[in-house]
Structures are given as C-alpha cells and as structure tokens.
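Chains L and A are the protein sequences, given in the same order. Our numbering numbers the first residue of the first sequence as 1 and each following residue consecutively. Our numbering numbers the first residue of the second sequence as 1001 and each following residue consecutively. Every residue gets a Cβ at the ideal spot worked out from N, C-alpha and C, and that includes glycine.
There are 2 protein chains.
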Amino acid sequence: MVENSIQLLRAEAKRIRLDMRSGAYDGQTSGMTPGLAQANLAIMPKEYAGDFLRFCNSNRKPCPILGVSDVGDPMLPMCGDDIDIRTDVSRYWLYENGEPVGEVTDLKDHWRDDLVTFAVGCSYSFEEALINAEIPIRNIEMGVTVSMWNTNIQCEGAGPFQTPMVVSMRPMTPAQAIRAIQICSRFPDVHGAPIHFGDPAAIGIEDITKPDYGDAVEIYPGEVPVFWACGVTAQRAVAGAKIPFGIGHKPGHMLITDQLNSQLAVL
Amino acid sequence: MVENSIQLLRAEAKRIRLDMRSGAYDGQTSGMTPGLAQANLAIMPKEYAGDFLRFCNSNRKPCPILGVSDVGDPMLPMCGDDIDIRTDVSRYWLYENGEPVGEVTDLKDHWRDDLVTFAVGCSYSFEEALINAEIPIRNIEMGVTVSMWNTNIQCEGAGPFQTPMVVSMRPMTPAQAIRAIQICSRFPDVHGAPIHFGDPAAIGIEDITKPDYGDAVEIYPGEVPVFWACGVTAQRAVAGAKIPFGIGHKPGHMLITDQLNSQLAVL
C-alpha cells in the first residue's frame, strides 16, 4: 500500500470512529476499513487490571494485547489517533459480577477514573490475510458469524481469571489448512496459527453442528474443521471472574484501530 | 553452533566421504553428521539434464535442487569441499532404460564425460529440525525406513520426465502437525511444509498400512498421517523416463554435504 492510500484508510477509520462518537453510526464493523486491525475490548477497574494483563500474557494465542490504556485515561494512543474509548465504539456491554446488565452506545455515564482499557487482537485480521491468499472463509461466504465453542483446553489462570479456551472454527481442505497455518503464523498478535484441526472431541467439542457462540457452518466433503484460539476467551475470563464491574464491546461491534494488519505481521 | 564446531562437523563429513572413497565404509548414512544436509543423487547424460532440471524446478517440493555439476565434471563444489561424486557416496544403483541393472560402491568404471550430477534435498534435514523441536518421528523411534507411497498428485511434466508425486508419511497429533508445518516451512530446499494430512484416499493412497516404499509405522489414537513431498519422486521420474543410462544412490546411502541445515532455512 502506498503512503497516500494508508492515509486515506486511516482517515476513513477516524471518520467512522467520529460517526460512532456522534451517534451517527451504531452498527457492526465487519468488513470495514480492510487493511486495518479491529480489536476486542475489555475494560475493568485498576484493581483487576494487573491480573488480567498477566492472564493475557500467559494466554497470548486467545488474548493477544494490541493496546492498554493508562489508568482512568479514556484515550488509547497505542491503537490510533484520537481514540476516545468512551465513545468511539458503536455498542458496549456492561457487566456486574459477571452478568451482562445492559447495552449502551457510549460510556459517558459509566466512565470511572479507575478504569483500564485493553484492546485484544481479533480474527478479522487473519481472515483478511487468508482471503488475500484466495483461501475461502465459510462464515464470510455464508454471511454469518464464525462458529465458536468452549473447549477442554484450560488457559493459564491469573488471580480471578480462570477459564477454558474458546475457539473459532473454519472448515478447509487439508491443503488450504496447511497454507492457512503458514499465513496465520505471521500474525501472533491476532491469534496466530490454529491450535487444532480434525477431531472436535479431542478438544472437548461434543457437537460440531452446534456452536456455543455464533452460527453453524457447513463442512463440505474433503474438508476438516480447523480451530483457532478466539478472543471471546477474554470476555469469558472477565465474566467468569465475576468482578463487580466490567465493560466489553457488543460482539461484532469492534474497535477500529489505526494499526495496519501488515504491520502486525512478524515476518 | 560456534565456528569451531562447524569446522569439526565438516571435517567429520570429509572423513566419512574419504572412507567411502577408499572403500573403508559402504554403509547407510542415517544419523551421520547431524547438522549437515544429506542429499539424494541423480546422475544422467547431458542430453536429458536440461529436461530434468526443468522437471525439478517445476516440482520444487519433491525435487529441491541442492547442487548441479558441470557436464562431465565429477566434482560437486556447490555441495562441499573436494566431493568426487564417482567415489564419495557409499553405494550407487545403475539404471538402463529405467530398470535397475546393478549396485556398485564406486563409479570409476561407469563415469562418462557427458554425465551431469544433481543433488536433491532429503527429508533427513527437516526430520532433524523436528526432533530439535521435540516432535517425535515415528520411523526414527522404530528404527525403520519412513513409509512412502505413490499418489494421484501429478507432477508438472518436462520432456520424458512425467510422474505422479511420491510422498513420505509421519504420524503426529494435530498440535504437533501444526508446529511441524511451521518448522518445515522454513526449509523449502528440503521438501518444505507437508502437502497433505488426514484422509489418505484424498491423494490416492488406498491402504495406509501398506507403503509402496519403506516400512509401515503405527498410527496411534489421536494422531493423523501427515504427508510430505518425497525425493523418491526424482528417482521415479528418472526410472519412468526410461533414459538409456542413469545413476542414483542406493536408498539410505545419501551424499553427505558440507551444507548446514541451518543455512538451508529461509527464515
């Protein structure tokens, strides 16, 4: 990408964030600003942020950190220019003691000066890399949400954050899966290489036709299910910890960052 | 590896090649000079060498070229110091019109000034990389030859060289296979990443318990067969071409080169 088109892309990202800030846009972000990373959101009081950071560091495949804020500071400069996390995401979910208690389109009435924001890498980035390599993504072809399951793979615990890993699944031929492993290995900050393929029962998935989150997709003859560590693990960790107060994004309503996916590649 | 140990390793390689040259050693080379690449051998008249080179270039996964000689020159400087290909391999197979016609321990009576030598990368290099990553290799654990099959994957043809791909198989868990794909992707000159995993029938293998070449190995519960493009493809191409005269190594009796496996890594 030439410098000028990168500037245009970031200008588009900023425009969308400002539309979210003003309330002009409150929809999903799938397919927006291709080339730029989108992120999962986890916001919690400082009291729990140290353990959560340790949890993410110990479980980098499901919970790769793209950015962390200063305590009480709603700005997230690590992720982009002029990002005010109180307003620049279209829809937020509020949690109390691990239970969802409401959905809002801004955090103006909920911000506290002890809150810390975490931006966690999202599969949209590697899906884009796969599509650019002509590897078809079934959930995108079908226009549905990717299939996700709880597994029997236990994450490394940290303080109150103790949870099994959540995985997403995309069906592929073995040759496509081998290429996908190569491509995704370049992107450890957005879940990296798959963690499993083939037999779902080997990671505790009982019914491959019934995802725990998202939508079911068809697996064609000659394909195998390929499983990636999923950022929903972070949300499950926060909910499972039953901390008094926490904030996440509404699924599909991600933070649009200024970070190029190509900059996230380690190779 | 420090410079001194590399020198020692190459001195050991040279000592073994000189033992082969003198006739003091005529055995297999498996496990010898770990760290240095070993190579498959294909020697043929100049008349066919152009097509064979084109065949290898078009089918780099089974037939990656580590070295080519000048016409009629028995030395192979691309592969190491003072390698005389007429004597420095322990056992050779002679072919006429595609049929094996004899085994010899040197080529002194068979060398011709129109012969060209090709050294083709060998799986020993990536097996070493996998073992160094604590990925077990069943055929090495069992002390047998790796299982190999003819497939229904057609290589790109070049002149008289027309053959389906031969593959080798190593059983692994999916997590080991994912790591193996990452590791082997660094080594395109020694067959690179696997080309298939899982269902043998998808690449034309009818019975996974009966290899076409080498020995059968057990596949444990929870493992899948993982298939790599195999250098035996080169031998099959030469035999299939039914050229009047050709020379190969006896399987397992490889050319020991001075090339470090770590130097073959593209990353």
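- By a beta-carbon distance limit of 8 angstroms, Val1232 (chain A) does not contact Val1144 (chain A). Their separation comes to about 16 angstroms.
- For Asn1132 (chain A), the closest of A:Ser1090, A:Gly1035, A:His1191 by C-alpha to C-alpha distance is A:Gly1035.
- Identification of chain L residues near Gln1182 (chain A) by a Cβ-Cβ cut-off of 9 angstroms yields Ile181, Gln182, Ser185, Ala193, ordered along the chain.
- The Cβ atoms of Ser185 (chain L) and Leu267 (chain L) lie closer than 9 angstroms to each other.
- Minimum Cα-Cα distance from Leu130 (chain L) among the listed residues L:Trp149, L:Gln154, L:Gly192 corresponds to L:Gly192.
- Spatial neighbours of Thr1151 (chain A) in its own chain (CB-CB distance under 6 angstroms, excluding positions within 5 residues in sequence) are listed in chain order as Pro1164, Met1165, Val1167, Ile1203, Gly1204.
- When only Cα atoms are considered, Met148 (chain L) and Tyr1025 (chain A) end up about 58 angstroms apart.
- At a cut-off of 9 angstroms between beta carbons, Pro174 (chain L) contacts chain A.
- Interface with chain A (9 angstroms Cβ-Cβ cutoff): His196 (chain L) is included.
- Residue range 1232–1241 is occupied by the alpha helix (DSSP H) that includes Gly1240 (chain A).
- Under the rule that a run must span 4 or more residues, the alpha helix (DSSP H) segments found entirely inside the region 112–154 of chain L read 124–132, 138–142.
- Straight-line spacing of the CA atoms in Phe52 (chain L) and Thr1209 (chain A) works out to 49 angstroms.
- With a beta-carbon spacing of about 5 angstroms, Ala241 (chain L) and Phe161 (chain L) fall inside the 8 angstroms limit used to define contacts.
- In the three-state scheme derived from DSSP, where H, G and I count as helix and E and B as strand, Ala24 (chain L) is classed as coil.
- Taken in chain order, the complete alpha helix (DSSP H) segments of 4 or more residues contained in the region 1027–1058 of chain A are 1046–1058.
- About 36 angstroms separates the beta carbon of Asn139 (chain L) from that of Arg112 (chain L), a gap too long to meet the 8 angstroms contact definition.
- By the Cβ-count criterion, Leu8 (chain L) is exposed, with fewer than 16 other Cβ atoms from all chains shown falling within 10 Å of its own Cβ.
- Within 10 angstroms of the beta-carbon of Glu99 (chain L) lie fewer than 16 other beta-carbons, which makes it exposed.
- Spatial neighbours of Thr1105 (chain A) in its own chain (CB-CB distance under 7 angstroms, excluding positions within 5 residues in sequence) are listed in chain order as Gly1023, Asp1026, Ser1090, Arg1091.
- Of the residues L:Pro74, L:Met142, L:Ile195, L:Arg17, the one whose Cα lies closest to the Cα of Gly214 (chain L) is L:Met142.
- The beta carbon of Lys1108 (chain A) sits closer than 8 angstroms to those of Arg1086, Thr1087, all from its chain and outside the five residues before and after it, given in chain order.
- Not a single CB atom of chain L sits nearer than 9 angstroms to the CB of Val1167 (chain A).
- When rounded, the separation of the alpha-carbon atoms in His249 (chain L) and Pro62 (chain L) is 16 angstroms.
- Of the residues A:Pro1211, A:Ala1042, A:Glu1127, A:Val1224, the one whose Cα lies closest to the Cα of Val1238 (chain A) is A:Ala1042.
- Only Gly1222, Val1224 from the region 1212–1229 of chain A bring a Cβ to less than 7 angstroms from some Cβ of chain L.
- When the beta-carbon positions are compared, Lys14 (chain L) and Gly80 (chain L) come within less than 9 angstroms of each other.
- By the neighbour-count criterion, in which 16 or more other beta carbons inside 10 Å mark a residue as buried, Glu47 (chain L) falls on the exposed side.
- Within the DSSP secondary-structure output, Tyr1213 (chain A) pairs in a beta bridge with A:Met1148.
- In this structure, Ala1037 (chain A) lies near Tyr1124 (chain A), with their beta-carbon atoms less than 9 angstroms apart.
- As DSSP reads the structure, Ile1256 (chain A) sits in a beta bridge with A:Gln1038.
- At a cut-off of 9 angstroms between C-beta atoms, Asp199 (chain L) counts as an interface residue with respect to chain A.
- Chain order gives the chain L residues near Leu1267 (chain A) as Leu267, where near means a beta carbon separation below 8 angstroms.
- Distance from the Cα of Trp1228 (chain A) is smallest, within the candidate group L:Glu223, L:Pro74, L:Ile178, L:Glu127, for L:Ile178.
- Not a single CB atom of chain L sits nearer than 9 angstroms to the CB of Ile1065 (chain A).
- Nearest to Tyr95 (chain L) by alpha-carbon distance, out of L:Ile243, L:Glu218, L:Leu264, is L:Ile243.
- Closest in C-alpha terms to Gln1176 (chain A), from the list A:Asp1199, A:Gly1198, A:Cys1155, A:Pro1136, comes A:Pro1136.
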